[in-house]
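Its first residue numbered 4, the sequence shown is counted upward by one per residue in this note's numbering.
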Amino acid sequence: MVAVSTALAASHGLLIRNRGAFEGTRKLQAVIFDKTDTLTEGRFGVTDTLLLPQDIDEETLRKYAASVDANSEHPIATAIAASSDAKLAVLNFKSIPGKGAEGKVDGREVKVVSPGYLREQHIDHADKRIEPLQAQGKTVVFILINGQLKGAIALADSVRPEAKQAIEALKALNIRCMMLTGDNQATAKWVSDQVGLDEYFAEVLPQDKAAKVKEVQARGVLVAMTGDGVNDAPALAQADVGIAIGAGSDVAVETADIVLVRSNPQDVVAIVELSRATYRKMIQNLFWATGYNVVAIPLAAGAFYAWGVVLSPALGAALMAASTVIVAVNARLLRLKK
Numbered sequence: 004m005v006a007v008s009t010a011l012a013a014s015h016g017l018l019i020r021n022r023g024a025f026e027g028t029r030k031l032q033a034v035i036f037d038k039t040d041t042l043t044e045g046r047f048g049v050t051d052t053l054l055l056p057q058d059i060d061e062e063t064l065r066k067y068a069a070s071v072d073a074n075s076e077h078p079i080a081t082a083i084a085a086s087s088d089a090k091l092a093v094l095n096f097k098s099i100p101g102k103g104a105e106g107k108v109d110g111r112e113v114k115v116v117s118p119g120y121l122r123e124q125h126i127d128h129a130d131k132r133i134e135p136l137q138a139q140g141k142t143v144v145f146i147l148i149n150g151q152l153k154g155a156i157a158l159a160d161s162v163r164p165e166a167k168q169a170i171e172a173l174k175a176l177n178i179r180c181m182m183l184t185g186d187n188q189a190t191a192k193w194v195s196d197q198v199g200l201d202e203y204f205a206e207v208l209p210q211d212k213a214a215k216v217k218e219v220q221a222r223g224v225l226v227a228m229t230g231d232g233v234n235d236a237p238a239l240a241q242a243d244v245g246i247a248i249g250a251g252s253d254v255a256v257e258t259a260d261i262v263l264v265r266s267n268p269q270d271v272v273a274i275v276e277l278s279r280a281t282y283r284k285m286i287q288n289l290f291w292a293t294g295y296n297v298v299a300i301p302l303a304a305g306a307f308y309a310w311g312v313v314l315s316p317a318l319g320a321a322l323m324a325a326s327t328v329i330v331a332v333n334a335r336l337l338r339l340k341k
C-alpha cells in the first residue's frame, strides 16, 4: 500500500518526502497558503506611479527605485527593476527584511519600502490616491530619498485561475483555508475575497510566519502550510504538514514534507484526497486480512471438527494465498481523481 500510493503520487507530480506527514494529511483541519507565487501568479507589473510631492519626475523616481531593487530577488522588487532601463550604480545595498531595500544611488540615500516601514518610522503617507489603488488589490510601495517621502509605485499581481477552485474543493472537505502575506490589509482582503478564504493574516514579517502557524495550531487545529520562498521554510517546518511549491526555493523544498512539482494549488486538494483514499484502502486490506484469520484459523485448529468441518492444510494455504492476492489487487485499485 505504501509503495502503491507513493508511486501514484509521484506520477501526478506529488513528491512525498515524509510518509508520516502524508498519512496525517487526511486529518487536516486547516491549510495556510503563502500569497505570492502560491495563490497568485507572482508576476507583478507596475501599474501606477505617484509623486509625493511634485518635486521629482516619474522617470527619475522609477530610475532610483529600479536601481535599488535590481539587487533584490523579491517578485515586487524584480517588477520595479524591470520598469526602468536607465538604472544607476548602487552602493551599500541592504535589504530591510519584510519591509523593502535601500542603497546609495547617485549620491542619494534611496529606500524602497512598504507601508509598514513608514508607520514604524512615523512617516505620514496619507494621500487620497493610495487607498483606491489598494482597494483594487494593488500593492503600493514607497520611495524615500534622503529620508524624504518622494513617491509611491503601485503594482498588480493576478490571482491564479485555479486558486479559487482549490479553495472551494478544500472547503468541501471541511478544511479551513487561510493566507499569510506581507502585503497590507487592503490587498490581503482583496485576494481573500477573490478566492474565498476563511481567514487571512496581512503585513506578516518573514520571521513571524512560523509564529502565525503556531498561533493557528494553538487553537487545537491540525495545520498544513503551503509556500515556496526561503522565508516560508520556518513556517513549513512548524506546520504539522509542510507543503512546498516545486518552483520555489531549494530551502523550502528541503524543509517540506510534500513537494508539489507542478506549482498548482489544486494539488493540495489532490494530496489530501490521496491520503484519505490510501487510508480507506488500508482499512479495507486490514478487513480482508483479519477476516481470513478470524475464519480460517479456527477452522484449521479444528474448532468445528464436531460438525465435520475441517480445513485441510492445502486449502488453508490456498486461502492464505488468496487473501494476499486480494489485498495486493485492492491496493492496486487505488486511484487519484484528475
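For glycine and all other residues, C-beta sits at the position ideal for the given N, C-alpha and C.
All values reported here derive from a predicted model rather than from experimental measurement.
**Message:** So, for PHE204: in the same chain, excluding its five sequence neighbours on each side, which residues have a beta-carbon less than 6 Å away from its beta-carbon?
**Reply:** The residues LEU183 and LYS215, in chain order, have a CB closer than 6 Å to that of PHE204 in the same chain once the five nearest residues on each side in sequence are set aside.
**Prompt:** Is the beta carbon of ILE248 sitting closer than 9 Å to the one on SER266?
**Reply:** In this structure, SER266 lies closer than 9 Å to ILE248 by Cβ.
**Request:** Could you spell out the range, first to last residue, of the alpha helix (DSSP H) harbouring VAL71?
**Result:** For VAL71, the enclosing alpha helix (DSSP H) has its first and last residue at 61-72.
**Ranges of the alpha helix (DSSP H) found wholly within the region 187-219, counting only runs of at least 4** = Taking only runs of at least 4 residues, the alpha helix (DSSP H) segments lying wholly in the region 187-219 are 188-198.
**Reduced DSSP category for THR39 - H, G, I as helix; E, B as strand; rest coil** = The answer is helix: DSSP assigns THR39 an H, G or I state.
**Asked** At a cut of 8 Å, does the region 146-166 reach the region 106-126 through at least three beta carbon pairs?
**Response** In this structure the region 146-166 lies against the region 106-126, because at least three pairs of beta carbons, one per stretch, are closer than 8 Å.
**Message:** With a threshold of 8 Å, are at least 3 pairs of Cβ atoms found where one atom belongs to the region 9-27 and the other to the region 161-177?
**Reply:** The way I'd put it, the region 9-27 doesn't touch the region 161-177; fewer than three beta-carbon pairs between them come closer than 8 Å.
**Item:** Extent of the continuous alpha helix (DSSP H) to which LYS114 belongs
**Value:** In the DSSP annotation of this structure, LYS114 is not part of any alpha helix (DSSP H); the continuous beta strand (DSSP E) holding it starts and ends at 111-116.
**Request:** With DSSP as the reference, please indicate the residues paired to LYS284 in a beta bridge.
**Result:** Under DSSP, LYS284 shares a beta bridge with no residue.
**Prompt:** Are the CB atoms of LEU176 and GLU276 nearer to each other than 9 Å?
**Reply:** Contact: yes.
**Request:** Verify whether the separation of the beta carbon atoms of MET228 and ILE35 is less than 9 Å.
**Result:** Taking 9 Å as the cut-off, the beta carbon of MET228 is found closer than this to the beta carbon of ILE35.
**Request:** Using three-state DSSP, classify ALA242 as helix, strand or coil.
**Result:** ALA242 falls in the coil class under three-state DSSP.
**Request:** Would you mind stating whether VAL143 and ILE126 have Cβ atoms separated by less than 9 Å?
**Result:** For VAL143 and ILE126, no; Cβs fall outside 9 Å.
**Request:** State the beta-bridge partners of ARG179 as determined by DSSP.
**Result:** Under DSSP, ARG179 takes part in a beta bridge, and its partners are ALA33.
**Asked** For the beta strand (DSSP E) that GLN151 lies in, which residues bound it at each end?
**Response** 151-159 is the extent of the beta strand (DSSP E) around GLN151.
**Message:** Would LYS38 and ASP186 be called neighbours here (beta carbons separated by less than 9 Å)?
**Reply:** Judged by their CB atoms, LYS38 and ASP186 are nearer to each other than the 9 Å cut-off.
**Request:** Any chance you could list the alpha helix (DSSP H) runs of at least 4 consecutive residues sitting entirely within the region 123-151, in chain order?
**Result:** Runs of the alpha helix (DSSP H) inside the region 123-151: 133-138.
**Message:** Give me the residue from VAL198, ALA13, LYS102 and LEU31 with the minimum Cα distance to LEU208.
**Reply:** Looking at the Cα atoms, LYS102 is the closest of the given residues.
**Prompt:** Which of the three DSSP states, helix, strand or coil, is assigned to VAL254?
**Reply:** It is helical.
**Message:** With H, G and I counted as helix, E and B as strand and the rest as coil, what does DSSP make of VAL264?
**Reply:** In this structure, VAL264 counts as coil in the three-state DSSP scheme.
**Request:** In the DSSP assignment, find the unbroken alpha helix (DSSP H) run with GLU105 in it and report its ends.
**Result:** Unbroken run through GLU105 is the beta strand (DSSP E), 103-108; no alpha helix (DSSP H).
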